[in-house]
Amino acid sequence: LTFFFLALSTIMLAQKKKDSVEIHFRQGYSTLDMSLGKNQEMLNRITDSLAITNTDSIYNIKDVTVVGGASPEGSIQLNKRLSEKRANVLFDYLSKYTVLLPSSKHFVYLGRDWNGLLQLVRLDDNVPYQDEVIALLEGIVQNIVGGEKAADANLNKLINLRNGEPYRYIYKVLFPRLRASRMLI
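To convert, note that position 113 of the sequence shown is 143 in the working numbering; the numbers rise steadily by one, no gaps.
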């Protein structure tokens with residue numbers, strides 16, 4: 031019985047606990063806005079977890095990865111810089127609650143989040159000309175496998191579809207959901 035308890039305790043201690051949250055940002059900004067979406071709730075959840083980590087020696091932060099993408103309306107270069115700034119804002123925020131070693135901080139840039147947009151369009155029956163938008167986005171997603179180039183003019187294709195009617199809806203309703211970074215701890 032003692033051997034079983036020791037083995038079970040070792041297994042429980044060796045388990046990794048993971049957590050992730052999605053933090054949203056305003057268009058063109060990298061400042062952390064606690065009033066936007068569920069940002070306050072999500073960051074409170076993370077800081078509560080960090081409080082446990084800091085008081086209990088069996089827990090420690092192994093890795094923090096911020097995965098950043100952007101809504102497609104900005105330029106490729108601007109979106110990359112903005113995503114990096116947003117990641118650094120999140121790392122700085124976490125640093126107030128725990129020690130983050132430089133080797134534990136990682137940033138992954140998704141680029142313009144065409145895949146995310148495609149998923150959102152598929153789920154939203156209110157998108158005007160939804161089938162045509164899906165077909166266009168599927169083509170864009172297939173063409174950017176090696177990386178998107180400015181010359182691809184993907185955003186213009188979306189803007190010009192059906193005189194911009196789908197784009198106006200997407201810009202107002204769906205793009206804000208893509209202005210986010212996912213933090214994995």
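The C-beta atom is built at its ideal place from N, Cα and C for all residues, glycine as well. It should be emphasised that the depicted structure is a prediction, and the values quoted were computed from it without experimental measurement.
Scanning Leu108, Val119, Ile215, Leu185 for the CA closest to the CA of Met64 turns up Val119. Asp78 and Tyr199 have their alpha carbons spaced roughly 37 Å apart. The C-beta distance from Leu150 to Arg207 rounds to 6 Å, short enough to fall under 8 Å. If the five residues before and after Leu191 are omitted, its C-beta is found closer than 8 Å to the C-beta atoms of Tyr159, Glu162, Val163, Leu166, Tyr197, all from its own chain and listed in chain order. The distance from the Cβ of Lys135 to that of Val94 is about 6 Å, consistent with a contact at the 8 Å cut-off. Rounded to whole angstroms, the gap between the alpha carbons of Val203 and Asn145 is 16 Å. Taken in chain order, the complete alpha helix (DSSP H) segments of 4 or more residues contained in the region 133–164 are 144–153.
According to the DSSP assignment, Val119 belongs to no beta strand (DSSP E) but to the alpha helix (DSSP H) extending over 106–125. Judged by pairs of C-beta atoms under 8 Å, the region 169–179 does not touch the region 50–70, as fewer than three such pairs exist. Put simply, the backbone Cα of Gly104 is about 13 Å away from that of Arg56.
In this structure, the straight-line span from the alpha carbon of Asp154 to that of Leu148 is close to 10 Å. Rounded to the nearest whole angstrom, the C-alpha separation of Leu130 and Leu140 is 23 Å.
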